[in-house]
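Okay, so the sequence shown: first residue is 480 according to my numbering, each after it adds one.
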Amino acid sequence: QRENIDKLLANPSWSVRSLLPDPDAQLTEEITPNQLHHLLRLSALPQPKSPEEEAEMLKTLHTQLHFVRDIQNVDTDGVETLQSLRDETDEGLAEVTISLDSLKKALDEEEVIGRSQRPRRKRGQTVNTVGIEDWDVLRAASEKVVTPGGSYFVVRSGKE
480 QRENIDKLLA NPSWSVRSLL PDPDAQLTEE ITPNQLHHLL RLSALPQPKS PEEEAEMLKT
540 LHTQLHFVRD IQNVDTDGVE TLQSLRDETD EGLAEVTISL DSLKKALDEE EVIGRSQRPR
600 RKRGQTVNTV GIEDWDVLRA ASEKVVTPGG SYFVVRSGKE
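This is how it looks when you write it as structure tokens:
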């Protein structure tokens with residue numbers, strides 16, 4: 480059986496390179512520089528610093544679009560639609576299942592108040608956010624505004 484597998488793998492039936500465009504082919508203008516700049520603004524990504532960087536971004540985007548179009552052309556007749564990516568093994572389902580034991584700590588931080596017996600978080604409890612909320616949200620923003628009330632990123636909209 481090992482020999483059959485080796486023989487099968489000795490001559491590949493296709494290559495990942497077939498999903499990429501021909502490097503010698505002339506780029507078609509599917510994405511214009513204006514569209515690239517618009518996509519970068521929508522994504523809050525920095526604009527290219529030079530025409531060479533812009534050309535490289537356009538080439539990369541062209542390659543990615545070619546790959547996506549090849550994937551979209553795959554015949555999926557008879558294949559059940561994928562609803563989401565998740566581990567559906569017994570271990571994976573057990574890991575994501577919420578149980579009363581997993582909620583015990585959160586429930587212990589609540590107290591029942593009033594005639595309606597509504598649960599409320601106990602006052603004075605500090606929430607440990609170390610490693611959760613200590614990332615720099617504005618690090619990738621190309622334009623920021625700092626005010627006494629906080630820092631904000633700027634999204635330019637409209638025609639330029």
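Where is the CB? At the ideal position from N, CA and C, for every residue including glycine. Quick caveat, the model's predicted, so the values are computed rather than measured.
Exercise. How many angstroms separate the CA atom of H517 from the CA atom of K638?
Worked result: 9 Å
For this session: Count the other CB atoms, across all protein chains shown, that sit within 10 Å of the CB of L537; report buried if there are 16 or more and exposed otherwise.
Result: Counting Cβ neighbours within 10 Å, L537 comes out buried, since at least 16 surround it.
Exercise. Smallest Cα separation from R618: which of G610, E509, G593 and S630?
Worked result: S630
For this session: Provide the residue span of the beta strand (DSSP E) that contains S497, from first to last.
Result: Run containing S497: none; DSSP gives neither H nor E here.
For this session: Mind reading off the beta-carbon distance from Q604 to E588? Whole number of angstroms is fine, and I expect it under 8 Å.
Result: 5 Å
For this session: Sort out for me which residues DSSP pairs S630 with in a bridge.
Result: V625
Exercise. Going by the beta-carbon positions, is the gap between L515 and E533 smaller than 8 Å?
Worked result: If you check the CB distance, L515 and E533 come in under 8 Å.
Exercise. Secondary structure at R548, three-state DSSP: helix, strand or coil?
Worked result: The three-state reading of DSSP puts R548 in helix, counting H, G and I together.
For this session: Compare the beta carbon distance of V591 and P598 with 8 Å and say whether it is the shorter of the two.
Result: yes
Exercise. From which residue to which residue does the alpha helix (DSSP H) around P466 run?
Worked result: One cannot answer for residue 466 here, as it falls past the ends of the chain, which runs 480 to 639.
Problem set entry | Residues that P598 bridges to, as DSSP identifies them | BP columns for P598 point to V591.
Problem set entry | For D566, three-class secondary structure by DSSP | In the structure shown, D566 sits in coil (DSSP, three-state: anything other than H, G, I, E or B).
Problem set entry | Beta carbon of P500 nearer than 8 Å to that of H541 | yes
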